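J.:
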Amino acid sequence: DGGITQSPKYLFRKEGQNVTLSCEQNLNHDAMYWYRQDPGQGLRLIYYSQIVNDFQKGDIAEGYSVSREKKESFPLTVTSAQKNPTAFYLCASTTRDSGANVLTFGAGSRLTVL
Amino acid sequence: AQSVTQLGSHVSVSEGALVLLRCNYSSSVPPYLFWYVQYPNQGLQLLLKYTTGATLVKGINGFEAEFKKSETSFHLTKPSAHMSDAAEYFCAVSGSRGSTLGRLYFGRGTQLTVWP
Chain U
487 DGGITQSPKY LFRKEGQNVT LSCEQNLNHD AMYWYRQDPG QGLRLIYYSQ IVNDFQKGDI
547 AEGYSVSREK KESFPLTVTS AQKNPTAFYL CASTTRDSGA NVLTFGAGSR LTVL
Chain V
7 AQSVTQLGSH VSVSEGALVL LRCNYSSSVP PYLFWYVQYP NQGLQLLLKY TTGATLVKGI
67 NGFEAEFKKS ETSFHLTKPS AHMSDAAEYF CAVSGSRGST LGRLYFGRGT QLTVWP
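In order, the protein sequences belong to chains U and V.
Under the working numbering, the first residue of the first sequence is numbered 487, with each subsequent residue one higher.
Under the working numbering, the first residue of the second sequence is numbered 7, with each subsequent residue one higher.
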């Protein structure tokens, strides 16, 4: 079945370390997104990419970086510059063919900074 | 610009009772509107969406929502709650014509508790 795979599911990091969250999709979707979820704050957009080798900052991009070298893959790096990285991270994708901006989400990665 | 306000961060109902989750939006262009559901430690699943046409939209699991342009609302309802409906619900808006593909703005979420 087609879908989005995020890994790892749970990740622990020491302060000052960079970590990379993986997001892979086999839906042949053009656009991919990273959202951050904190309790009571909903979902906030970190970065998005509409085509390979191109990406744009979302609302809270500081302290994060991404790459889009392949259509299927959109990894997110949480750098040591991110002041409060403990959160639930969600990857999503869509295509113009889906109509009306319907996003498909992965199961998420929970990052905890020790 | 688009934004979403979900009234009530927590809603509790008894099993079999009406579920009403409130969502108001602001949008500078004709909106697309969505409700997503999230179970603990999982991603979001689409419940229903409004694009154009009929303002009463039916979704999965017996949920429906009505787009009311004059009230800028898109409230989610279900006539009879089931224990399995306990989850967090998110309302989201995007622009329609000319908007960035997939650029959604989410509300803060409403946690639904269903009592037996």
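Note that CB positions come from ideal geometry on N, CA and C, so glycine has one too.
Just so you know, these numbers come straight off a predicted model, no measurement behind them.
Name, going along the chain, the residues of the region 49-75 of chain V whose beta-carbon falls closer than 8 Å to a beta-carbon of chain U.
T.: So the close ones are GLY49, LEU50, GLN51, LEU52, LYS55, THR57.
J.: By the 10 Å Cβ neighbour count, where 16 or more other Cβ atoms means buried, how is VAL35/V classified, buried or exposed?
T.: Along the second sequence, read from residue 1 onward, the residue named residue 35/V stands at position 29. VAL35/V is exposed by the Cβ-count criterion.
J.: If contact is defined by three or more beta carbon pairs under 8 Å, each pair taking one atom from either stretch, is the region 62-69 of chain V in contact with the region 586-596 of chain U?
T.: No contact exists between the region 586-596 of chain U and the region 62-69 of chain V.
J.: For GLN503/U, is the classification buried or exposed, using 16 other Cβ atoms within 10 angstroms of its Cβ as the cut-off for buried?
T.: Counting from one through the first sequence, the residue named residue 503/U turns up at place 17. Classification for GLN503/U: exposed.
J.: Which stretch, first to last residue, makes up the beta strand (DSSP E) that contains VAL10/V?
T.: Here residue 10/V refers to the residue found at position 4 when the second sequence is read from its first residue. Where VAL10/V is concerned, the enclosing beta strand (DSSP E) stretches over 9-13.
J.: Name the residues in the region 505-522 of chain U whose C-beta lies less than 7 Å from a C-beta of chain V; which are they?
T.: So the list reads ALA517, TYR519, given in the order they occur along the chain.
J.: Are the C-beta atoms of SER100/V and some chain U residue less than 7 Å apart?
T.: Taking the second sequence and counting its residues from 1, the one referred to as residue 100/V is at position 94. Judged by the 7 Å Cβ criterion, SER100/V is in contact with chain U.
J.: Show which residues of chain U have a CB atom less than 7 Å away from the CB atom of PHE112/V.
T.: Against the second sequence, residue 112/V aligns to sequence position 106. Near PHE112/V (Cβ distances below 7 Å), the residues of chain U are GLY528, LEU529.
J.: On the DSSP bridge list, what partners appear for SER32/V?
T.: Within the second sequence, numbered from 1, the residue matching residue 32/V stands at position 26. BP columns for SER32/V point to SER9/V.
J.: Flag this pair as touching only if the region 547-564 of chain U and the region 7-25 of chain V have three or more C-beta atom pairs under 8 Å; answer yes or no.
T.: Touching, no.
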